[in-house]
Amino acid sequence: MATAPSPPSSHVGTALKEKVLSTPEVLAQSVANMAPSAAMALLPLLVFMSAGNALWLSFVLGLAVLLIVGYCAAQFATRINSAGSFYVWVTRALGPGAGSAAGWGLVLGYLFTGIATVIGFEIYADNFLTGFGISSPDNHVVRTILYLVGGLGPAVMSVMDIRISQRTAFILETVSVGIILILCVATWVHNGTVLDTDELSLKGFAPGGMVVGIVLAIFAFVGFESAGALGQEARNPARSVPRAILWSCGVVGLFYLIVSYTQLAGFGDGGFGKATAPLPQLASVAGLGWLGHFIAFGITCSMFACCLACLTAGSRMLLSLGRDGLLPGVFTRTSRKTRAPSVAIWTVTVPMIVIPVSFVAAGSTDTVLTGEEGTMATYGFMLAYALVSLAAPVYLKKIGTPKPLAWVLGIGGLAVMAFVFYVNWIPQAIPNGVFPALAWPYSALPYVFIAWTAVGAAWYLAVRLRKPEVVAGAASWGEAAGETPAAVLAE
């Protein structure tokens, strides 16, 4: 396949650093964006409420679904290196309209995930400080400082240097995951066994409840695709980017399986449903109450790393859309020293801080707001995942390497993403006995997402009408990978 044309001279100076990130640093992007420690803080309890003893199976099946999407994304990552990731990939297969929708969806996903992590950073950092008597729940000065640290800290690191930000994310996630795994081992020792026969036999589970549990479990994996944004900064993108996408999903999925299984085994059926802060409370059950403070610290680290990853991926998406003329050219400006997309980074940072501070000041609680923002982010990811699943087999056919497996998995991935959206929207209009209608404000969020998508579509159509040549040249910023997919998969 021919290499895409070089960027025109008008864009000289907007280039990112090239070939500077190792495979672990690329992997850190996807892992940090998934925020595994933060996901395990409460999500297993929510899945258990629906799936019961099929908790662990819900995460296994959720992992299988996202590996399908990962397979589709990897078909592009082995062939095209671009900071635009899904936007560029989907455009090459389905055209600029679908590609811009995928990019717009990921912008929503990264922005609102970032907002949720800024809030989460404040919650758990404040809990950590309160545990040592440094703060108190009603200390608004400390809370404001934590909001600023949780938002500005990642932004400063993102602008400084991509290698610094990726290494920081890797270290923070390693610390947080390590603390939680220590808790798992302590729980097994306390129980005297790793086996939980009620869980392994799926005692008392209902298929309908497990389906809802799978939908919830899928939320824990969003962000795994974000390594795709580092296609131009990775040393060997044809190998490291697809590996990061698939390995992050698989390794973190295994972590989810271990932690969710252990939480239920540690509490038992009756105790888990009554938990309000499962991980710290599980530490007390295992006789390690002091570990709860460090769990709060680990989750705080995970939130910081996730915000950092959201800024990295979100800014590069804005850069790519601006580079192609689908967004204002100001987003293409990069730091002369570090080549980081500084304008795009600060554009994402400002709402990440302003939105949660404004809502909390208006009376919204932190925990409720976190759930709302996380749900909004998921809608954006689902749109992008559905489009890349459909795009993969189409693209392979276009370049003359069709794969029957890609068609099967691609259509399967598209169907599952449509089903996830159905579960989170249609029951509002068509009540049924399996999926309960969502309460306010969650019932309004699908319409907010539709409005966001409509704004993106209107903007795209306006650009297409005024500057058809811009749309015709969309997604040209990227290079053909230097290795064949067969060579990559054989390693």
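Quick note: the sequence shown uses numbering that gives the first Met the number 0, first residue 0, plus one each step.
By construction, the Cβ of each residue, glycine as well, lies at the ideal position given by its N, Cα and C atoms.
Beta carbon of residue i nearer than 8 angstroms to that of residue j
i, j, result
"Tyr260", "Pro35", "no"
"Ile118", "Leu368", "yes"
"Ala360", "Ala115", "no"
"Cys306", "Gly104", "no"
"Phe218", "Leu42", "yes"
"Gly493", "Ala285", "Past the boundaries of the shown model lies residue 493; the chain is included only from 0 to 490, so the question cannot be answered."
"Thr348", "Gly94", "no"
"Tyr421", "Ala92", "no"
Sheet register partners of residue i (DSSP bridge)
i, result
"Ala233", "Leu20"
Nearest residue (CA-CA) to residue i, options the options
i, options, result
"Arg465", "Ala417, Val415, Trp88, Leu325", "Leu325"
"Val211", "Gly409, Leu413, Ser57", "Ser57"
"Lys202", "Ala461, Leu287, Leu41, Leu263", "Leu263"
"Phe83", "Val342, Leu215, Val106, Met33", "Per the sequence presented here, residue 83 reads as Gly, with Phe not at that position. Closest option to Gly83, Cα to Cα, is Val106."
"Ala339", "Arg234, Val155, Ala38, Gln28", "Val155"
"Leu147", "Val158, Asp160, Asp137, Ala124", "Ala124"
"Gly51", "Gly130, Leu318, Gly207", "Gly207"
"Leu110", "Phe266, Pro350, Phe218", "Pro350"
"Ala40", "Phe127, Ala92, Leu171, Ala276", "Ala276"
"Ile244", "Val258, Ile257, Ser225", "Ser225"
"Gly132", "His292, Cys305, Met302, Leu44", "His292"
"Leu389", "Phe127, Tyr70, Glu172", "Tyr70"
"Glu371", "Val25, Leu60, Gly108", "Gly108"
"Trp458", "Gly149, Phe223, Pro327", "Pro327"
"Met316", "Phe169, Phe75, Tyr86", "Tyr86"
"Phe271", "Met33, Met48, Thr22", "Met48"
Pairwise C-alpha distance: residue j and residue i
i, j, result
"Thr483", "Pro401", "With a pLDDT of only 38 at Thr483, under the threshold of 50, the placement of this residue in the model should not be trusted; the figure read from the coordinates follows. Cα to Cα, Thr483 sits roughly 15 angstroms from Pro401."
"Phe358", "Cys309", "21 angstroms"
"Ile67", "Val251", "15 angstroms"
"Phe418", "Ala101", "18 angstroms"
"Val470", "Gln28", "30 angstroms"
"Phe296", "Glu17", "34 angstroms"
"Val188", "Ile178", "16 angstroms"
"Thr374", "Tyr384", "15 angstroms"
"Ser99", "Leu320", "8 angstroms"
"Gly481", "Asn80", "Because the pLDDT of Gly481 is 46, which lies under 50, any placement of that residue in the model is unreliable, and the question is left without a value."
"Met209", "Asp195", "18 angstroms"
"Asn190", "Pro136", "34 angstroms"
"Ala450", "Met381", "15 angstroms"
"Thr192", "Ala53", "19 angstroms"
"Gly409", "Asn126", "43 angstroms"
"Lys397", "Ser334", "37 angstroms"
"Ala1", "Ala438", "Per-residue confidence for Ala1 stands at a pLDDT of 39, beneath the threshold of 50, marking its modelled position as unreliable; the derived number appears in the next sentence. The straight-line gap from Cα to Cα measures roughly 52 angstroms."
"Glu258", "Leu180", "With the sequence shown as reference, residue 258 is identified as Val, and Glu is not the correct amino acid for it. So the two alpha carbons sit approximately 8 angstroms from each other."
"Gly269", "Ala304", "34 angstroms"
"Ala274", "Thr452", "37 angstroms"
"Ala473", "Asn32", "27 angstroms"
"His139", "Ile122", "12 angstroms"
Same chain, Cβ closer than 6 angstroms to residue i, five either side skipped, listed in chain order
i, result
"Ala97", "Val89, Leu386"
"Leu62", "Gly252"
"Leu65", "Phe220, Cys248"
"Pro445", "Trp424"
"Leu215", "Leu45, Val46"
"Phe204", "Gly51, Asn52, Ala53"
"Glu490", "With a pLDDT of 34 at Glu490, under the threshold of 50, the modelled position of this residue cannot be trusted; read the value that follows with caution. Nothing meets the Cβ criterion."
Cβ neighbours of residue i in the same chain (closer than 8 angstroms, five flanking residues each side left out)
i, result
"Leu20", "Ile161, Arg162, Gln165, Leu229, Glu232, Ala233, Arg234, Ser239"
"Ile344", "Ala154, Ser157, Val158, Leu310, Ser314"
"Leu287", "Leu182, Ala185"
"Pro467", "none"
"Val329", "Gly321, Val342"
"Pro6", "Annotation note: pLDDT 41 at Pro6 (below 50); position unreliable, coordinate value reported separately. The residues are Thr13, Ala14, Arg322, Trp476."
Residue i at chain D interface by Cβ criterion, 8 angstroms
i, result
"Phe220", "Included in the structure is just one protein chain, with no chain D present."
Spatial neighbours of residue i in its chain, beta-carbon cut-off 7 angstroms, leaving aside the 5 residues before and after
i, result
"His10", "Annotation note: pLDDT 43 at His10 (below 50); position unreliable, coordinate value reported separately. Excluding positions up to five away in sequence, the list reads Arg322, Thr331."
"Val487", "Confidence at Val487 is low in this model, with a pLDDT of 34, below 50, so the placement of that residue is unreliable and no value is reported for it."
"Val174", "Gly297, Cys300"
"Ala282", "Leu182, Gly288, Leu290, Gly291, Ile294"
The ligand NAP heavy atom lying under 7 angstroms from the CB of residue i
i, result
"Leu326", "The model on display carries no ligand, and the ligand NAP is accordingly not part of it."
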